[in-house]
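Trainee: Numbering (my numbering), first residue to last: 6 to 750.
Ideal placement from N, C-alpha and C gives every residue a C-beta, glycine not left out.
Nothing here was measured: the structure is a model prediction, and the numbers come from that model.
Take this structure first; my questions come after.
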Ligand code: SF4
């Protein structure tokens with residue numbers, strides 16, 4: 006069995022490789038030289054932050070040396086997200102600050118979109134230009150014809166800007182391209198969703214089931230650490246994945262499922278748990294509705310039925326169902342994070358939620374805890390105007406269960422459709438590289454070409470900045486104050502991010518940019534404080550703290566006030582569903598005309614000579630945003646294509662060989678990708694890490710390295726429930742005829 010040390014070794018290696026200088030300092034030795042003592046003293050000068058390299062937002066400390074240069078960044082010991090440790094990519098995060106390819110000053114396009122010709126501008130000129138264009142669009146088409154796409158902490162202030170002008174058309178790709186189906190499915194079942202970070206009590210679990218969830222590769226810091234603890238305590242790990250992932254390597258059971266058949270396995274597990282009477286009868290009786298309907302529904306879905314679909318042996322299906330039941334209620338069938346796969350994703354995650362309900366794990370130790378957060382007070386401001394039009398009108402009556410904006414619908418609504426003009430005329434895009442984030446890049450480009458205004462706010466030149474009319478350079482998370490991190494967790498807590506450095510070049514924080522635009526749009530009343538630190542201090546004082554206290558503490562944690570971490574024995578609970586119960590049979594889905602109980606729908610198989618394209622994460626990178634980070638680039642500079650040896654033999658492929666890929670629609674990769682022949686992938690699929698294959702030449706390190714999976718995803722399978730973009734229904738074949746000069750040196 007894997008030990009905790011083995012599991013997290015990659016984290017320690019990553020940290021050492023990134024900041025070897027800091028690691029070499031003898032912090033605990035008594036025989037320090039004077040120089041080392043001075044360095045040690047300087048190292049105690051620390052600044053609180055929370056990491057921006059991924060959405061986990063681990064709180065930590067930034068340490069600088071006597072020259073004021075960064076020496077290291079570490080986790081905050083009292084932080085529930087990080088437990089005192091940063092993951093490799095978080096440790097390498099400061100590369101975002103030092104990257105000399107950063108955007109340095111505002112840019113205004115001087116030639117038409119698609120060509121990279123900009124001139125530098127002052128902030129005054131750039132902001133006047135953007136605000137002037139926004140006014141024109143608002144006057145002609147209404148405020149709702151402006152759309153905001155955002156990711157990261159700065160988004161809060163741009164959404165406030167949008168609310169102040171009367172547009173509700175804002176969206177984060179992290180909903181429709183990532184976790185939306187999960188949130189909708191859990192809302193439909195439990196009346197609430199797992200949140201971010203998820204409310205999984207992994208540290209006390211006795212059985213963790215991962216279905217296509219790559220904990221350990223996707224470095225969700227707290228979860229990785231808790232999973233290591235759980236493994237050490239003997240928890241059973243069950244991993245369902247066509248690929249032998251890092252998590253599969255730590256698992257008692259690896260189920261190498263045929264891709265696109267997960268629903269069949271889940272239904273067979275539900276069948277087995279009900280018909281073998283493994284379910285938690287007291288819990289189901291007290292808290293759940295729709296059990297009889299569910300029991301009748303899954304009657305035909307036996308393990309033998311699922312075998313023919315999934316290729317998983319019925320004995321193994323029964324054995325793993327038994328393992329879950331033995332651990333119940335300390336069992337987690339993990340809700341996953343990136344769950345937009347095949348278009349029936351809400352229904353698949355509904356099956357996951359139902360399994361958890363049957364096993365009695367929601368609200369139980371070792372299952373799912375109750376989240377509690379701190380409400381950050383809002384400074385009094387005028388009521389936001391009510392938008393007169395919404396993205397929802399683009400597809401009337403659809404996606405009613407999506408409780409957040411759907412980014413791909415905003416993109417669709419930017420292209421004129423039969424008989425109607427485009428609803429969206431201008432985009433502000435903050436911290437998200439849409440062409441590499443939303444599938445079907447050509448469609449996104451078509452939408453961008455239709456716009457009257459495209460503004461990109463980012464720290465780095467990206468594909469999206471290449472298409473923008475105006476580029477506004479944001480400073481990095483190490484150079485700015487940001488909104489207080491208030492994510493709910495086991496205990497309510499807030500974390501402060503403050504600048505460790507002055508902003509480099511002519512970069513500015515999101516709050517400042519949003520406020521300056523608001524002032525120019527006569528919406529200054531919504532941005533009362535000139536400086537964000539004054540707003541933070543006001544907010545903290547309402548909460549019984551202050552900015553001064555937080556500068557020293559970094560993180561402040563309160564005791565729970567609302568309820569206990571887990572359900573009490575026999576506690577009466579009203580769930581936020583239509584029936585007040587955990588809905589095994591979903592009335593919310595039924596009311597919208599969808600199946601109230603999940604089913605299995607067959608999906609197309611790869612044509613002869615093609616393989617299903619599966620993509621995932623690496624521990625040292627986050628999406629396409631970190632590919633050029635000098636620290637993280639040193640750890641991983643390109644992605645590779647995993648190919649099964651049987652397939653490699655058939656095609657005459659060998660490891661280290663570069664090839665192109667072509668998908669079912671004839672779309673070819675821009676740059677070649679290196680083959681990795683490995684038994685760790687099924688013969689019917691290939692796998693690559695997402696986020697490479699940049700064609701933005703200003704990214705001098707990563708340009709032209711590896712392949713871009715998003716470009717190959719042209720068959721998008723829409724989730725009819727919430728508008729998510731299923732991206733795993735794409736097939737690729739190999740193009741081996743490549744020229745030597747195509748390979749980046
Ligand atoms: S998990 Fe890693 S990258 Fe993400 S916020 Fe935490 S330290 Fe940063």
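#1: Based on DSSP bridge pairs, tell me the residues matched to residue 220.
#2: What is the DSSP secondary structure of residue 650, reduced to helix, strand or coil?
#3: With a threshold of 6 Å on Cβ separation, who are the neighbours of residue 516 within its own chain once the five nearest residues in sequence on each side are excluded?
#4: Between the C-alpha atoms of residue 199 and residue 287, what's the straight-line distance to the nearest angstrom?
#5: The beta strand (DSSP E) spanning residue 417 covers which residue range?
#6: Near residue 562, what residues of its chain come up, given a Cβ to Cβ distance below 6 Å and the 5 sequence neighbours on each side ignored?
#7: Which one of 105, 124, 272, 107 has the shortest CA to CA distance from residue 114?
#8: Please confirm whether any heavy atom of ligand 1 lies closer than 8 Å to the CB of residue 226.
#9: As a quick exercise: from 308, 523, 282, pick the residue whose alpha carbon is nearest that of residue 300.
#10: Say the cut is 8 Å; is the CB of residue 628 nearer than that to a heavy atom of ligand 1?
#11: In the structure shown, what three-state DSSP assignment does residue 333 receive?
#12: CB-CB under 7 Å to residue 641, same chain, minus the five flanking residues each way: which ones, in chain order?
#13: Am I right that residue 358 and residue 306 are in contact with their C-beta atoms under 8 Å? What's the rounded C-beta distance?
#14: Distance, Cα to Cα, residue 241 vs residue 264?
#15: Below 8 Å, how does it come out for the segment 475 to 486 and the segment 47 to 66: are there three or more Cβ pairs, yes or no?
#16: Taking just the CA atoms, how far does residue 459 sit from residue 132?
#17: Please report how far the alpha carbon of residue 103 lies from the alpha carbon of residue 121, in whole angstroms.
#18: Look up residue 155 in the DSSP assignment and give the residues it is bridged to.
#19: The alpha helix (DSSP H) with residue 604 in it runs from where to where?
#20: Can you give the Cα-Cα distance for residue 35 and residue 249, rounded to whole angstroms?
#21: When the Cα atoms are used, what is the spatial distance from residue 594 to residue 601?
#22: Please determine whether the Cβ atom of residue 218 lies at a distance below 8 Å from any heavy atom of ligand 1.
#23: Would residue 465 and residue 704 be called neighbours here (beta carbons separated by less than 9 Å)?
#24: Do residue 463 and residue 434 count as a contact pair if the criterion is CB distance below 9 Å?
#25: What are the start and end residues of each continuous beta strand (DSSP E) run of 3 or more residues lying completely inside the segment 612 to 662, in chain order?
#26: Measure the C-alpha to C-alpha separation of residue 717 and residue 747 and round it to an integer number of angstroms.
#27: From which residue to which residue does the alpha helix (DSSP H) around residue 169 run?
#28: Under the criterion of a Cβ to heavy atom distance below 8 Å, does residue 251 qualify as lining ligand 1?
#29: For residue 48 and residue 67, I'd like the C-alpha separation in whole angstroms.
#30: Of the residues 683, 566, 238, which one's Cα is nearest the Cα of residue 213?
#31: Where residue 788 and residue 461 are concerned, what is the direct C-alpha to C-alpha distance, given to the nearest angstrom?
#32: May I ask you to check if the CB of residue 351 is nearer than 8 Å to at least one heavy atom of ligand 1?
#33: Between residue 60 and ligand 1, is the CB less than 8 Å from at least one heavy atom?
#34: Based on the DSSP secondary-structure assignment, which residues constitute the bridge partners of residue 722?
#35: So, at 7 Å on beta carbons, what are the nonlocal neighbours of residue 551 in its own chain, with the 5 sequence-adjacent residues on each side left out?
#36: Would the beta-carbon of residue 692 fall within 9 Å of that of residue 646?
Mentor: Well, looking at it:
#1: Translated into positions along the chain shown, residue 220 becomes position 215. According to DSSP, which records beta bridges pairwise, residue 220 is partnered with 223.
#2: Against the chain shown, residue 650 aligns to sequence position 645. If DSSP states are grouped into helix, strand and coil, residue 650 belongs with the helices.
#3: Residue 516 sits at position 511 when you count from the first residue of the chain shown. Contacts found: 162, 537.
#4: Taking the chain shown and counting its residues from 1, the one referred to as residue 199 is at position 194. Taking the chain shown and counting its residues from 1, the one referred to as residue 287 is at position 282. Answer to the nearest angstrom: the Cα atoms are 23 Å apart.
#5: Working through the chain shown from its first residue, we reach residue 417 at position 412. Segment 412 to 417 is the alpha helix (DSSP H) holding residue 417; no beta strand (DSSP E) there.
#6: Position 557 of the chain shown, counting from 1, holds the residue named residue 562. Closer than 6 Å at Cβ, skipping near neighbours: 496, 498.
#7: Within the chain shown, numbered from 1, the residue matching residue 114 stands at position 109. Residue 114 has its Cα closest to that of 124, out of 105, 124, 272, 107.
#8: Position 221 of the chain shown, counting from 1, holds the residue named residue 226. Because some heavy atom of ligand 1 lies under 8 Å away, the Cβ of residue 226 counts as near it: yes.
#9: Taking the chain shown and counting its residues from 1, one reaches residue 300 at position 295. Nearest to residue 300 by alpha-carbon distance, out of 308, 523, 282, is 282.
#10: Position 623 of the chain shown, counting from 1, holds the residue named residue 628. Not under cutoff, so the answer is no.
#11: Walking along the chain shown from the start, residue 333 turns up at place 328. It is coil, neither helix nor strand.
#12: The residue labelled residue 641 in the question sits at position 636 within the chain shown. Result list for residue 641: 623, 625, 626, in chain order.
#13: Here residue 358 refers to the residue found at position 353 of the chain shown. Here residue 306 refers to the residue found at position 301 of the chain shown. Incorrect: roughly 17 Å between the Cβ atoms, too far for contact.
#14: Against the chain shown, residue 241 aligns to sequence position 236. Against the chain shown, residue 264 aligns to sequence position 259. The straight-line gap from Cα to Cα measures roughly 23 Å.
#15: yes
#16: On the chain shown, residue 132 is found 127 positions in, with the first residue counted as 1. On the chain shown, residue 459 is found 454 positions in, with the first residue counted as 1. Distance between the alpha carbons of residue 132 and residue 459 is about 13 Å.
#17: Start at 1 with the first residue of the chain shown, and residue 103 comes out as number 98. Start at 1 with the first residue of the chain shown, and residue 121 comes out as number 116. A straight-line Cα-Cα distance of about 24 Å links residue 103 and residue 121.
#18: If you number the chain shown from 1, residue 155 lands on position 150. Looking at the DSSP assignment, residue 155 forms a beta bridge with 435.
#19: Residue 604 sits at position 599 when you count from the first residue of the chain shown. Residue 604 -> no alpha helix (DSSP H), and no H or E assigned at all.
#20: Taking the first residue of the chain shown as position 1, residue 35 is located at position 30. Taking the first residue of the chain shown as position 1, residue 249 is located at position 244. Because residue 35 carries a pLDDT of 44, less than 50, the predicted location of this residue cannot be relied on, and the following value inherits that uncertainty. So the alpha carbons of these two residues sit roughly 46 Å apart.
#21: Within the chain shown, the letter at position 589 stands for residue 594. Within the chain shown, the letter at position 596 stands for residue 601. Those two C-alpha atoms are separated by around 5 Å.
#22: In the chain shown, counting from the first residue as 1, residue 218 sits at position 213. Result no, Cβ not under 8 Å from ligand 1.
#23: In the chain shown, residue 465 corresponds to position 460, counting from 1. In the chain shown, residue 704 corresponds to position 699, counting from 1. Residue 465 places its beta carbon less than 9 Å from that of residue 704.
#24: Taking the first residue of the chain shown as 1, we reach residue 434 at position 429. Taking the first residue of the chain shown as 1, we reach residue 463 at position 458. For residue 434 and residue 463, yes; Cβs fall inside 9 Å.
#25: Segments of the beta strand (DSSP E) lying fully in the segment 612 to 662: 616 to 621, 645 to 648.
#26: Translated into positions along the chain shown, residue 717 becomes position 712. Translated into positions along the chain shown, residue 747 becomes position 742. Each residue's alpha carbon lies about 18 Å from the other.
#27: Residue mapping note: residue 169 aligns to position 164 of the chain shown, counting from 1. Annotation for residue 169: the continuous alpha helix (DSSP H) segment containing it runs 160 to 170.
#28: Counted from its first residue, the chain shown places residue 251 at position 246. No.
#29: What you label residue 48 is simply residue 43 of the chain shown in a count that begins at 1. What you label residue 67 is simply residue 62 of the chain shown in a count that begins at 1. Low confidence applies here, because residue 48 scores a pLDDT of 49, under 50, leaving its location unreliable and the question unanswered by this model.
#30: Within the chain shown, residue 213 is the residue found at index 208, counting from 1. Here the closest residue by C-alpha is 238.
#31: Residue 788 is absent from the structure shown; the chain starts at 6 and stops at 750.
#32: The count along the chain shown starts at 1 and reaches residue 351 at position 346. Outside the cutoff, so no.
#33: Within the chain shown, numbered from 1, the residue matching residue 60 stands at position 55. Correct: residue 60 has its Cβ closer than 8 Å to ligand 1.
#34: Counting from 1 along the chain shown, the entry for residue 722 is found at position 717. Answer by DSSP bridge pairing, in chain order: 731.
#35: Counting from one through the chain shown, the residue named residue 551 turns up at place 546. 542, 545.
#36: Counting from 1 along the chain shown, the entry for residue 692 is found at position 687. Counting from 1 along the chain shown, the entry for residue 646 is found at position 641. Yes, Cβ-Cβ distance for residue 692 and residue 646 is below 9 Å.
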